[in-house]
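Enquirer: Our numbering applies: residue 1 is where the first sequence begins, and numbers increase by one. Questions regarding the structure given below will be posed in turn.
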Amino acid sequence: MKELVKIKAGKCVFSLPKGRPLSDLLPELGSEVKPLLFRSGDELLDLSYPADHDREIRPVTASEPEALDILRHSASHLLAQAVTELFPGVQAGIGPATDTGYYYDFLRETAFTPEDLVAIENRMREIAGGDLPIQRLVLKKEQAVRVFAERGQALKVELIEEKGGDEVTCYEQGNFIDFCLGPHLPSTGYIKYIKLLSVSGAYWKGDEHGPQLQRIYGTAFFSQKELDDYLAFLEEARKRDHRRLGQELELFHTSDDLGAGLVIWQPKGSIIRHLIENFWKEEHLKDGYDFIYSPHIARLDLWKKSGHTEFYEAMYPPLELEGCQYQLKPMNCPFHIIAYKSRQRSYRELPLRWAELGTVYRYERSGVLHGLLRVRGFTQDDAHIFCREDQLEDEIKGVIRLAIRLLRAFGFENYQVYLATRPEKYVGRLEDWDKAEKALEEALKSSGLPYQLDEGEGVFYGPKIDIKIKDAIGRLWQCTTVQLDFNLSERFDLSYVGEDGYFHRPFMVHRALLGSMERFFGVLIEHYMGNFPLWLAPVQMIILPIADRHETYAKEIQSRLVTESLRARVDDSREKIGKKIRQAEIEKIPLIAVVGDKEIKEGSLSLRIHGQGDRGEMKIDTLLPKLKQLIQEKSLEIKI
RNA sequence: GCCAGCGUAGCUCAGACGGUAGAGCGGCUGAUUCGUAAUCAGCAGGUCGGAGGUUCGAUUCCUCUCGCUGGCUCCA
1 MKELVKIKAG
11 KCVFSLPKGR
21 PLSDLLPELG
31 SEVKPLLFRS
41 GDELLDLSYP
51 ADHDREIRPV
61 TASEPEALDI
71 LRHSASHLLA
81 QAVTELFPGV
91 QAGIGPATDT
101 GYYYDFLRET
111 AFTPEDLVAI
121 ENRMREIAGG
131 DLPIQRLVLK
141 KEQAVRVFAE
151 RGQALKVELI
161 EEKGGDEVTC
171 YEQGNFIDFC
181 LGPHLPSTGY
191 IKYIKLLSVS
201 GAYWKGDEHG
211 PQLQRIYGTA
221 FFSQKELDDY
231 LAFLEEARKR
241 DHRRLGQELE
251 LFHTSDDLGA
261 GLVIWQPKGS
271 IIRHLIENFW
281 KEEHLKDGYD
291 FIYSPHIARL
301 DLWKKSGHTE
311 FYEAMYPPLE
321 LEGCQYQLKP
331 MNCPFHIIAY
341 KSRQRSYREL
351 PLRWAELGTV
361 YRYERSGVLH
371 GLLRVRGFTQ
381 DDAHIFCRED
391 QLEDEIKGVI
401 RLAIRLLRAF
411 GFENYQVYLA
421 TRPEKYVGRL
431 EDWDKAEKAL
441 EEALKSSGLP
451 YQLDEGEGVF
461 YGPKIDIKIK
471 DAIGRLWQCT
481 TVQLDFNLSE
491 RFDLSYVGED
501 GYFHRPFMVH
511 RALLGSMERF
521 FGVLIEHYMG
531 NFPLWLAPVQ
541 MIILPIADRH
551 ETYAKEIQSR
561 LVTESLRARV
571 DDSREKIGKK
581 IRQAEIEKIP
591 LIAVVGDKEI
601 KEGSLSLRIH
611 GQGDRGEMKI
621 DTLLPKLKQL
631 IQEKSLEIKI
């Protein structure tokens, strides 16, 4: 007589002989439920998972989010099966699900071509069509090692020996077997809507000194529609690509003549930056910040003192002048510290909030450069706050408030906030870390922002808060960072004279809200898809005379607008009105004013709004105050 | 930095067993004076990313180099 195990599902409790698959219960659960897996506490179990001990289970269907992960994980096995079948001798590495799909790493002499990907994808469909059962196996470690060694899968053998206990789980489908914890779908037939997307290099176990593998990326969904939607999303992202739009709209320019990672802001990008910077400065003044300007280079000794020469890898090599070595600055902090130390500080003048749009140069590895999002010369919207312990929490609160105020103005309403705490290797006093972490946490709590705790993920010199913003199509971008710094305050022996007449060490907060002008601009271009709101649009209104004789009138309107500080242009090309409108729409100019005989007679203009079409004729006197108000309010939409 | 791919006119891209190159858009000129997303015609733009090599001859093949792209690793 076999031992019985109690399985609770919903309100019912079933008894199963130990070792029987949980799927034996499926008929009992009713035909309307079509589970792919079971959830038991924190665990996800295969349908075929053997009843091992008393548990409560809940069926998981395709409509639940965790099912998608499992689908993709199973799809990655399918990918590995297809590849090992089509390309004998190829070794499989690892193949997990990701947020958007899955990948699998392979060791192969020759590179996979796009044609290979097509063949692999087709083979995946064939195998899936065969609806092979995916079976969980529990093998003795030596046995598993033998299985993979026989198949020439040395990487798998390495993984098993490293990670496996006495027994290891493997999953088998057809003649393919993989070392894997699971769980998986019941059979390959569930994997229907798949797409292989790209192939790239990846290091074995993430070690850049280890062997280089080829990583094939793919995605999978439970329905054709979801797959189509995802592919449409990728297409949408491609259309928004700031590198493309930056070129088309003449916002910024890169050139071989400059060198990698160096960017020129074209006039249209520069006016936007100017407006962002003005706004940034005004908001900082409102919050009691002072401004600092600092040079782009300083003596190498300064960077030795700060520890950058020793610990910071992305420094440009120093240059030598008159026997003295100078270093291009990768950060602004030491300069602000020098300013702080220019004289003795009293507790009465703290907090000091010093902000700088500071341009820094970092020798980023060539392979990581990416449009405006990762460059070698960029301007941080930096600030350093020097404060007393009793001021710290309020200061952090103020920084968070300011950050959100700024980000909201650009239409970023969704954030992911992270609090990263003390790592294993750290500098500074433990009690300072505790105080600082508490201050950061309290500030976050009072901000009302939901946040995630990243235990032990802080930088060695202090805990930090990072804020990622979600753009118009849901992608996350890291911009805001607020970091305590116990390293520099120590190295530079920062102090202030307290009420008690003794020297004290101030807390030093380093923060950037937009991150860098370059990265923020790149994100902004994609967020708006090049359709900048009225207050930021490089050209706010273009005036289109219908015929030559209307040009004078068009220019009158233009100068009227320019006098009122609007950015207006006249299109005096000899084109037909349709062409001029098309051109203006392509340039994504928010306001288009058409003027002809009718408008001259009426002293009016015919307004067309980008994205809204023709809005009809109106008087300039009634329009102008409305426009000024929209600009003043930094309105994200044009409602007239 | 590593793996893979790419680099042809200002832009988007064709192209050629190795015999020095085209299209559309844009630009310029002329005609057209026009009412809400492309008027017509003509012209001018290229040491085919750069350097070296193989060759009678290279933009095409090879090597190096610079830049870009997708990732890895690292980051604002």
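Glycine is no exception: its CB is placed at the ideal position from the N, C-alpha and C atoms.
In the DSSP assignment, find the unbroken beta strand (DSSP E) run with R299 in it and report its ends.
Expert: As a position in the first sequence, residue 299 is number 299, starting the count at 1. Counting along the chain, the beta strand (DSSP E) containing R299 begins and ends at 297-299.
Enquirer: Taking C-alpha atoms, which residue in L155, P183, K239 lies nearest to W204?
Expert: Looking up residue 204 in the first sequence gives position 204. Selected option, being the one with the closest Cα: L155.
Enquirer: Hey, how far is the Cα of Y361 from the Cα of Y104?
Expert: Walking along the first sequence from the start, residue 361 turns up at place 361. Walking along the first sequence from the start, residue 104 turns up at place 104. Rounded to the nearest angstrom, the two C-alpha atoms are 36 Å apart.
Enquirer: Is E282 helix, strand or coil when you go by DSSP?
Expert: Within the first sequence, residue 282 is the residue found at index 282, counting from 1. Collapsing the DSSP output to three states places E282 in a helix.
Enquirer: Can you tell me where the beta strand (DSSP E) holding T188 begins and where it ends?
Expert: Taking the first residue of the first sequence as 1, we reach residue 188 at position 188. Looking at the DSSP string, T188 is not in any beta strand (DSSP E), and its letter there is neither H nor E.
Enquirer: Counting pairs of Cβ atoms below 8 Å between the stretch 380-400 and the stretch 428-447, do you hit three or more?
Expert: Three or more beta-carbon pairs drawn from the stretch 380-400 and the stretch 428-447 are found closer than 8 Å, and the two stretches are therefore classed as touching.
Enquirer: Classify R574: buried if its beta carbon has 16 or more other beta carbons within 10 angstroms, exposed otherwise.
Expert: Taking the first residue of the first sequence as 1, we reach residue 574 at position 574. Exposed, because fewer than 16 other Cβ atoms sit within 10 Å of the Cβ of R574.
Enquirer: Hey, how far is the Cα of Q344 from the Cα of Y496?
Expert: One-based indexing of the first sequence puts residue 344 at position 344. One-based indexing of the first sequence puts residue 496 at position 496. Near 7 Å, if we compare the C-alpha coordinates of Y496 and Q344.
Enquirer: Tell me which same chain residues have a C-beta within less than 8 Å of the C-beta of K341, skipping the five on either side of it?
Expert: For the purposes of this step, residue 341 is taken as the residue at position 341 of the first sequence. Cβ neighbours of K341 beyond the five flanking positions: F492, L494.
Enquirer: Among all the DSSP beta bridges, which residues are the ones paired with T169?
Expert: Here the question's residue 169 lines up with position 169 in the first sequence. Answer is V138.
Enquirer: Considering only the alpha carbon of each residue, which of E602, K579, I577, I609 lies closest to I592?
Expert: Taking the first residue of the first sequence as position 1, residue 592 is located at position 592. Comparing alpha-carbon positions, the option among E602, K579, I577, I609 lying closest to I592 turns out to be I609.
Enquirer: Return the residue from the list L86, F87, L79 that minimises the CA-CA distance to I94.
Expert: The residue given as residue 94 occupies position 94 in the first sequence. Among L86, F87, L79, the Cα nearest to that of I94 belongs to L79.
Enquirer: Could you check how far apart the C-beta atoms of G89 and G152 are, in whole angstroms? I think they sit under 8 Å.
Expert: Your numbering for residue 89 matches position 89 in the first sequence. Your numbering for residue 152 matches position 152 in the first sequence. The pair is a contact, with the Cβ atoms about 7 Å apart (cut-off 8 Å).
Enquirer: Looking at C-alpha atoms only, which residue of I465, E602, D178 is the closest neighbour of V157?
Expert: Position 157 of the first sequence, counted from the start, is the residue given in the question as residue 157. Of the candidates I465, E602, D178, the one whose C-alpha sits nearest the C-alpha of V157 is D178.
Enquirer: What first and last residue would you give for the beta strand (DSSP E) that runs through I57?
Expert: Within the first sequence, the letter at position 57 stands for residue 57. Segment 55-60, the beta strand (DSSP E) holding I57.
Enquirer: Classify M618 as helix, strand or coil using the three-state DSSP reduction.
Expert: One-based indexing of the first sequence puts residue 618 at position 618. Of the three classes helix, strand and coil, the one that applies to M618 here is strand, per DSSP.
Enquirer: What does DSSP give as the partner residue(s) for Q483 in the beta ladder?
Expert: Position 483 of the first sequence, counting from 1, holds the residue named residue 483. Note: Q483 sits in a beta bridge opposite K464, H510.
Enquirer: Between the Cα of S448 and the Cα atoms of R475, W477, N414, which residue gives the shortest distance?
Expert: Numbered from its first residue, the first sequence carries residue 448 at position 448. For the record, residue 448 in the displayed sequence is Gly; it is not Ser. The shortest Cα separation from G448 among R475, W477, N414 belongs to N414.
Enquirer: Cutting at 7 Å between CB atoms, please list the residues of its own chain near L630, excluding the five before and the five after it.
Expert: Indexing the first sequence from 1 puts residue 630 at position 630. L534, I638, listed in sequence order.
Enquirer: Look up G358 in the DSSP assignment and give the residues it is bridged to.
Expert: Numbered from 1 along the first sequence, position 358 holds the residue referred to as residue 358. DSSP output for G358 lists Q380 as bridge partner(s).
Enquirer: Drop a sphere of 10 angstroms on the beta-carbon of A149, count the other beta-carbons inside from all chains shown, and report buried for 16 or more, exposed for fewer.
Expert: Position 149 of the first sequence, counting from 1, holds the residue named residue 149. By the beta-carbon neighbour count (other beta carbons within 10 angstroms, threshold 16), A149 is exposed.
Enquirer: Hey, how far is the Cα of E599 from the Cα of I276?
Expert: Walking along the first sequence from the start, residue 599 turns up at place 599. Walking along the first sequence from the start, residue 276 turns up at place 276. Rounded to the nearest angstrom, the two C-alpha atoms are 35 Å apart.
Enquirer: So, helix, strand or coil for S346, using DSSP?
Expert: Translated into the one-based positions of the first sequence, residue 346 becomes position 346. Here S346 sits in strand by DSSP.
Enquirer: Does DSSP classify W477 as helix, strand or coil?
Expert: Position 477 of the first sequence, counting from 1, holds the residue named residue 477. Reduced to three states, the DSSP call for W477 is strand.
Enquirer: Give me the Cα-Cα distance between I191 and C12, rounded to the nearest whole angstrom.
Expert: Looking up residue 191 in the first sequence gives position 191. Looking up residue 12 in the first sequence gives position 12. Roughly 31 Å between the two C-alpha positions.
Enquirer: In or out: L321 buried (at least 16 other Cβ within 10 Å) or exposed?
Expert: Position 321 of the first sequence, counted from the start, is the residue given in the question as residue 321. By the 10 Å Cβ count, L321 comes out exposed.
Enquirer: Assess, as a yes-or-no matter, whether the stretch 541-559 is touched by the stretch 521-529 under the definition of 3 or more beta carbon pairs within less than 8 Å.
Expert: no
Enquirer: Can the beta-carbon of Y230 be found less than 8 Å from the beta-carbon of F221?
Expert: Along the first sequence, read from residue 1 onward, the residue named residue 230 stands at position 230. Along the first sequence, read from residue 1 onward, the residue named residue 221 stands at position 221. It is a contact, given that the beta carbons lie within the stated cut-off.
Enquirer: Across which residues does DSSP place A420 in a beta bridge pair?
Expert: Translated into the one-based positions of the first sequence, residue 420 becomes position 420. A420 is bridged to D454, K464.
Enquirer: With distances taken from CA atoms, which of R353, H253, I338 is nearest L285?
Expert: For this step, residue 285 is matched to residue 285 along the first sequence. Measuring from the Cα of L285, the nearest candidate turns out to be R353.
Enquirer: As a quick exercise: from E56, A554, F486, pick the residue whose alpha carbon is nearest that of D597.
Expert: Your numbering for residue 597 matches position 597 in the first sequence. Measuring from the Cα of D597, the nearest candidate turns out to be A554.
Enquirer: If you follow the beta strand (DSSP E) that V539 is in, where does it begin and where does it stop?
Expert: For this step, residue 539 is matched to residue 539 along the first sequence. Counted as a single uninterrupted DSSP element, the stretch harbouring V539 is not any beta strand (DSSP E), since DSSP gives it neither H nor E.
Enquirer: Do you know how far the Cα of A232 is from the Cα of V199?
Expert: Along the first sequence, one-based indexing puts residue 199 at 199. Along the first sequence, one-based indexing puts residue 232 at 232. Roughly 20 Å between the two C-alpha positions.
Enquirer: Roughly how many angstroms separate the alpha carbons of T622 and P590, rounded to a whole number?
Expert: Sequence index remark: in the first sequence, residue 622 carries index 622 (1-based). Sequence index remark: in the first sequence, residue 590 carries index 590 (1-based). When only Cα atoms are considered, T622 and P590 end up about 18 Å apart.
Enquirer: At the level of alpha carbons, what is the spacing between A420 and F279?
Expert: One-based indexing of the first sequence puts residue 420 at position 420. One-based indexing of the first sequence puts residue 279 at position 279. Near 29 Å, if we compare the C-alpha coordinates of F279 and A420.
Enquirer: Which ranges does the beta strand (DSSP E) cover as unbroken runs of at least 3 residues, wholly within the stretch 559-614, from first to last along the chain?
Expert: 568-570, 591-595, 604-609
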